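Numbered by the working numbering, the letters in the sequence shown go through residues 36 to 304 in order.
All C-beta atoms, glycine included, are put in the ideal place defined by N, C-alpha and C.
Quick caveat: nothing in here was measured; it's all calculated off a predicted structure.
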Amino acid sequence: MSAAPETDVRDAPARAGRAPLSCFIITKNEADRIGRTLEAVKDWAAEVVVVDCGSTDGTCEIARGLGARVIHQDWLGFGAQKRFAEDQCRNSWVLNIDADEVVSPALAEEIAALLGRSPSAPAYALRILDIYPGSERPRAWADDYRQPRLYDRRVVHFSTSAVHDSLELAGARAPVLKGAVFHYSARSIDDHMRKSLERARYNADHSKRKASLALRLRLITEFPIAFVRYYFWRRHFTGGLMGFQIAMSAAYGRFARIAFMLENAKRRR
């Protein structure tokens, strides 16, 4: 049973010492790491909202115990699920983080200071740093990728795409904040490979149909091109053997997506 969206965007009164901000997270079976994620935001964000799509491992109980407002919503797709979650927030300014991400103290202070004055842009991008399995901090020379995640939901929104969870900025500029988000994406190499294949299958099933010839050509080129991008452009070569394995797994996921799309095309004939 799904919750009805809340459409009232009036800001909730911020508790003393807290930023006038709602932080929202979508979850499913994240009990082993949701605690660390919430601990990093619960003491400075005015509201924390967790939208869960059917956890069975105690994720919701942990989130409630740490003060989050937990709402159930059956899975709608990556963008649509986040769009639903932002609609549940009570503040105009919202921050989206994933269940495997941790806001650094420096970023928390930067966001609080930004919202303490009048922000000059409707959205801000965060620097996200991947953390390797078994590590607590980014590797030396780690590549960061930037995603708009802090925004005024009266102006911009998440798209309702089933595949892509990105903001619809409508040409708006999203300045990059200096503080980092630590992304503990994979629990192990096995977990990374499993996620790569799951995402490949999901994306293949929800992607627009493409010409068979184009897919056949990409089947040959996708893996080597993706590996070069991950290993060199994303600088996983700085991560030693673990970096090589991560780049291989990520590139294989890109190859698998094309293979699954070809398989789907054959089934439709």
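For arginine 125 and valine 191, the gap between their C-alpha atoms comes out near 15 Å. Nearest neighbour of alanine 141 by Cα position, chosen from Cys58, Ser284, Val76, turns out to be Val76. According to the DSSP assignment, leucine 276 belongs to the alpha helix (DSSP H) that extends over 275–303. Collapsing the DSSP output to three states places isoleucine 132 in coil. With respect to tryptophan 128, arginine 270 sits apart: the two C-beta atoms are not nearer than 8 Å. If you draw a straight line from the Cα of arginine 222 to the Cα of valine 84, it comes to about 24 Å. In the structure shown, the three-state DSSP call for tyrosine 180 is strand. The Cβ neighbour count for histidine 227, taken over all protein chains shown within 10 Å, is at least 16; the residue is labelled buried. For valine 105, the CB contacts under 7 Å within the same chain, skipping 5 residues up- and downstream, are Val85, Asp87, Cys95, Ala98, Arg99 in chain order. Remark: C-beta atoms of tyrosine 186 and isoleucine 163 do not approach each other more closely than 8 Å.
Between phenylalanine 290 and methionine 277, the alpha-carbon positions lie close to 20 Å from each other. Contact between alanine 261 and alanine 235 does not hold, since the beta-carbon distance rounds to 11 Å and is not under 8 Å. Comparing C-alpha distances from valine 263 to each of Leu252, Ile281, Ala246, Leu250 shows the shortest one belongs to Ile281. Considering only Gln182, Ser231, Leu202, Asn299, the residue with the shortest C-alpha distance to arginine 189 is Leu202. Check the Cα spacing between serine 90 and each of Lys63, Ile69, Glu171, Tyr237: the tightest is with Lys63. Sequence-distant partners of tryptophan 79 (beyond 5 residues in either direction) whose C-beta falls short of 7 Å from its own C-beta, in its chain, are Arg53, Ala54, Ala143, Ala147. By the C-beta density criterion, glutamate 65 is buried, having at least 16 other C-beta atoms within 10 angstroms.
Separation of tyrosine 237 and glutamate 74 (C-alpha to C-alpha, rounded to the nearest whole angstrom) is 31 Å. Ranked by Cα distance from glutamate 298, the options Ser247, Gly114, Glu136 are led by Ser247. Of all alpha-carbon atoms in Ala156, Gly70, Ala103, Phe272, the one lying nearest the alpha-carbon of alanine 207 is that of Ala156. Contact annotation: histidine 199 and phenylalanine 113 have beta-carbon atoms nearer than 8 Å.
Taking 8 Å as the cut-off, the beta carbon of leucine 212 is found closer than this to the beta carbon of glutamate 145. With respect to the 8 Å criterion, serine 231 and serine 284 are classified as neighbours on the basis of their beta carbons. Boundaries of the alpha helix (DSSP H) around serine 247: 247–263. Taking the Cα of glycine 70 as reference, the smallest distance to any Cα among Asp133, Glu121, Trp110 is reached at Asp133.
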